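To keep things clear, I will list the structure first and then write my remarks on it.
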Amino acid sequence: MASTNDLPRIRACLFDMDGLLIDSEDLYTIVTNEILQKYGRPTLPWSVKAQLQGRPQPEAVKIFNDFAQLPISDQELKEEQLTRQRHYFPQTKPLPGVPTLLADLASTKSTDEPVYIALATSSHRGNYKLKTDHLTELFSVFPEPNKVLGDDPRIGKGRGKPLPDIYLLALETINVDLRSKGKTEIKPEECLVFEDAVPGVEAGRRAGMQVAWCPHPGLLGAFKGREEEVLAGATGSHKEEEKTEAEKEAEELQAPRLQNSGTPGKIGDGFGQLYSTLEDFPYAKYGIRIP
1 MASTNDLPRI RACLFDMDGL LIDSEDLYTI VTNEILQKYG RPTLPWSVKA
51 QLQGRPQPEA VKIFNDFAQL PISDQELKEE QLTRQRHYFP QTKPLPGVPT
101 LLADLASTKS TDEPVYIALA TSSHRGNYKL KTDHLTELFS VFPEPNKVLG
151 DDPRIGKGRG KPLPDIYLLA LETINVDLRS KGKTEIKPEE CLVFEDAVPG
201 VEAGRRAGMQ VAWCPHPGLL GAFKGREEEV LAGATGSHKE EEKTEAEKEA
251 EELQAPRLQN SGTPGKIGDG FGQLYSTLED FPYAKYGIRI P
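Numbering (full-length UniProt numbering), first residue to last: 1 to 291.
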């Protein structure tokens, strides 16, 4: 197995949000189970929740509906979800180790080897605000231009995680600034993606980036025995939407840097590492120096 010491030094850290920085995944579960129980349905198992995490909303809705078989319309389900989300999401809390990790990385700005950071979340702006407006200090470490949300128009239709576009775009927001200052751009392999969800790990690997996978214990249990497959981004989550040739050409003209489906990594290549928590993160393993 390759060692992270053999890999390029990390110059940028790109972060997922739900279930990685904040405990919103647990709140999603509470919201979902309240609705399921209301209609006499079984609670959401991790085998299904694992498929929902990190997915674009339309895809997640289809997966959930196939499981839940609720006797209500999609619109009624959406309204019930929104009502509960407005109640629970303003209660989000940072997960263990997150405030220290972000503060440590931010402290490198003034050093000779700064580590740049960006946010890459599938959450749309409305939900993002519900989850983060009371956590302004925590999220202030991310420069506004480096916050990429799920409804960012620069991400093409149907190109959410597990496709790599959101992470490639997050890196591009950093490189735009570096180019303007005449500094050396950051390569994908010099990026460390922090993810909790399997589709997100796949997105990072398909972007050619290193990945730190920090899953919920329930998710880890659902993938017991397949951990190395997840770390390689090789679980088969990637299914690109069928497009006409005209649509593909239009996308390539619009954002040529992002139109890349990428390929998963190889088992044991060292680009993916598993962590049970973000506490006491091993910066030195990635060549990161905290002042």
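The beta carbon of each residue, even a glycine, is placed where N, CA and C say it ideally should be. Here the structure is a predicted model, which means the values were calculated and not measured.
Enclosing beta strand (DSSP E) for Ile35 [first to last residue]: Within the sequence shown, residue 35 is the residue found at index 35, counting from 1. Run containing Ile35: none in the beta strand (DSSP E); it sits in the alpha helix (DSSP H), 24-38.
Cβ-Cβ separation, Val211 to Gly272 (assumed contact under 8 Å), whole Å: The sequence position of residue 272 within the sequence shown is 272, counting from 1. The sequence position of residue 211 within the sequence shown is 211, counting from 1. Contact flag correct, Cβ pair sits at about 5 Å.
Glu252 - DSSP class collapsed to helix/strand/coil: Position 252 of the sequence shown, counting from 1, holds the residue named residue 252. Here the model assigns Glu252 a pLDDT of 46, short of 50, so the residue's position is not dependable, and the following value carries that caveat. Reduced to three states, the DSSP call for Glu252 is helix.
What are the complete beta strand (DSSP E) segments, minimum 3 residues, inside the segment 56-96? none
Taking Tyr275 as the reference, which of Gly221, Asp196, Leu14 has the closest Cα? Counting from one through the sequence shown, the residue named residue 275 turns up at place 275. Checking every option, the nearest Cα to that of Tyr275 belongs to Asp196.
Check whether Ala12 and Tyr116 have beta carbons under 8 Å apart: Along the sequence shown, read from residue 1 onward, the residue named residue 12 stands at position 12. Along the sequence shown, read from residue 1 onward, the residue named residue 116 stands at position 116. In contact: Ala12 and Tyr116 (Cβ atoms closer than 8 Å).
Could you tell me whether the Cβ of Leu36 comes closer than 8 Å to any Cβ of chain D? Note that chain D does not occur in the displayed structure, where there is just one protein chain.
Residues near Ile288 by beta carbon distance below 6 Å, same chain, minus five either side: Within the sequence shown, the letter at position 288 stands for residue 288. Within the same chain, Ile288 has close Cβ partners Ile10, Val115.
Alpha carbon to alpha carbon, how far is Thr29 from Gly158? What you label residue 29 is simply residue 29 of the sequence shown in a count that begins at 1. What you label residue 158 is simply residue 158 of the sequence shown in a count that begins at 1. About 24 Å.
Cβ pair Asp151, Arg125 closer than 8 Å: As a first step, residue 151 must be located in the sequence shown, where it is residue number 151. As a first step, residue 125 must be located in the sequence shown, where it is residue number 125. Their beta carbons are under 8 Å apart, which means Asp151 touches Arg125 by this criterion.
Our contact map puts Pro188 next to Leu171 with C-beta atoms below 8 Å; I'd like the distance itself, whole angstroms only. As a first step, residue 188 is located in the sequence shown; it is residue number 188 there, counting from the start. As a first step, residue 171 is located in the sequence shown; it is residue number 171 there, counting from the start. Sure, about 7 Å apart at Cβ, within 8 Å.
Reducing DSSP to helix, strand and coil, say where Phe194 ends up. Sequence index remark: in the sequence shown, residue 194 carries index 194 (1-based). In the structure shown, Phe194 sits in a strand (DSSP, three-state: E or B).
Could you check what DSSP says for Leu119 in three-state terms: helix, strand or coil? Position 119 of the sequence shown, counted from the start, is the residue given in the question as residue 119. Of the three classes helix, strand and coil, the one that applies to Leu119 here is strand, per DSSP.
Which residue from Val193, Gly268, Leu220, Leu149 puts its Cα closest to that of Gln57? Taking the sequence shown and counting its residues from 1, one reaches residue 57 at position 57. Among Val193, Gly268, Leu220, Leu149, the Cα nearest to that of Gln57 is on Leu149.
Verify whether the separation of the beta carbon atoms of Ala207 and Leu178 is less than 8 Å. Working through the sequence shown from its first residue, we reach residue 207 at position 207. Working through the sequence shown from its first residue, we reach residue 178 at position 178. No; because the gap between Cβ atoms is not below 8 Å, this pair is not in contact.
Quick test of the definition: if touching needs 3 or more C-beta pairs under 8 Å, does the segment 78-88 touch the segment 39-53? no
Just checking my contact of Asp18 with Ser140 at CB under 8 Å: how many whole Å lie between their CB atoms? Counting from 1 along the sequence shown, the entry for residue 18 is found at position 18. Counting from 1 along the sequence shown, the entry for residue 140 is found at position 140. Their Cβ separation, rounded to whole angstroms, is 19 Å, which puts Asp18 and Ser140 out of contact at 8 Å.
Can you tell me whether DSSP reads Ile223 as helix, strand or coil? Position 223 of the sequence shown, counting from 1, holds the residue named residue 223. For the record, residue 223 in the displayed sequence is Phe; it is not Ile. Looking at Phe223 - three-state DSSP - the assignment turns out to be coil, as it is neither helix nor strand.
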